[in-house]
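Input: a single structure, listed below in structure tokens.
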Amino acid sequence: MKFSLARLCSQHLLLAVCLLLVVAAVPSHAATVVLYPFSANFSASVVGSGVTENLDTSHILSGTSVGNDGFGVVLEAYPNSGSTSAGLALINNSFFAVTLGLTPVTLGQLHVAYEVGKGGSSDPRGYFVRSSLDGYTSDLINQVLPGGSAAAPALQSFDLDASAENAITFRFYLYTPNPGGNSVDFRNLLVTTSSTLPSGNPVPEPTTWALSGLGLAAVAAWRRRRA
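In terms of mature numbering (1 follows the signal peptide of the UniProt record, and there is no 0), the sequence shown is residues -30 to -1, 1 to 197.
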């Protein structure tokens, strides 16, 4: 049999391309830990498998509720009395908290996203978020809301490595110029993780299956040609 270097190279190139198709088809994903839409009440609408959750609003004013701030339905969070600045919010423990637990796996790399705004023009209004991972000593995000007018809820987010943890609490500290009458408004608070939840891997989308199938079929065809 005559040896063909060009044919051998083309066959190995085909195999390499086929294997790349299979590898590319492996889905990357983020599993939902919890979602609080704040569209009707304080309850979570989605809770991941193996996840425990708790939303605590006992440290802010009792007037905190789900309502329409002019930009749609939101969590209207009223700071604790006297919390007119970031420093006073910290002193007064003016926060609402989200506590999450996950077993038997750890929480992994967490991504926290939400929309935040204000229904009125009084300033300054703001918030900052801390976590139990460092004893609530450092800010994960610290934002003063846009001044001068009402502001529709806008998307914000932050990331945190909780890969060694099975539980975490986030505190959302709040302040406004008039804690009894001015709120900081939240909606669609979503936490996702890089961990695979106990229910198993998510089902890949049809395009992912198609790509994987194409790669595997090509590998099989290459092997038949070699036989």
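A virtual CB, placed ideally from N, CA and C, is assigned to each residue, including glycine. The structure displayed is predicted, hence computed values, not measured ones.
Any idea what DSSP makes of residue i, helix, strand or coil?
i	result
residue 138	strand
residue 125	strand
residue 167	coil
residue 1	strand
residue 120	coil
residue 132	strand
residue 148	coil
residue 158	strand
residue 143	strand
residue -6	Any answer about residue -6 is weak, because its pLDDT of 39 lies below 50 and its placement is not dependable; what the coordinates show is given next. Of the three classes helix, strand and coil, the one that applies to residue -6 here is coil, per DSSP.
Ends of the alpha helix (DSSP H) at residue i?
i	result
residue 111	Segment 111 to 114 is the beta strand (DSSP E) holding residue 111; no alpha helix (DSSP H) there.
Looking at the unbroken beta strand (DSSP E) that takes in residue i, where does it start and where does it end?
i	result
residue 153	Where residue 153 is concerned, there is no enclosing beta strand (DSSP E), given that its DSSP letter is neither H nor E.
residue 107	Segment: none, residue 107 is in no beta strand (DSSP E) and carries neither H nor E.
Given a cut-off of 8 Å on the beta-carbon distance, is the pair residue i and residue j in contact?
i	j	result
residue 152	residue 55	no
residue 66	residue 26	yes
residue 157	residue 21	no
residue 3	residue 163	yes
residue 82	residue 127	yes
residue 84	residue 130	no
Is there at least one Cβ from chain D nearer than 8 Å to residue i's Cβ?
i	result
residue 81	Among the protein chains of the structure shown there is no chain D, as only one such chain exists.
Practice item. Output the residue ranges of the alpha helix (DSSP H) runs that lie fully inside the region 16 to 101 and measure 4 residues or longer, sorted by chain position. Key: 56 to 61
Review point. Are the region 20 to 32 and the region 100 to 115 in contact at 8 Å, needing three or more beta carbon pairs?
Key: no
Exercise for review: Kindly confirm or deny that the region 4 to 18 and the region 134 to 154 touch, where touching means at least three C-beta pairs closer than 8 Å.
Suggested key: no
Check your understanding: Pairing CB atoms from the region 61 to 76 with CB atoms from the region 109 to 126, are three or more of them under 8 Å?
Key -> no
Review point. Does the region 135 to 150 come close enough to the region 57 to 66 to have 3 or more Cβ pairs within less than 8 Å?
Key: yes
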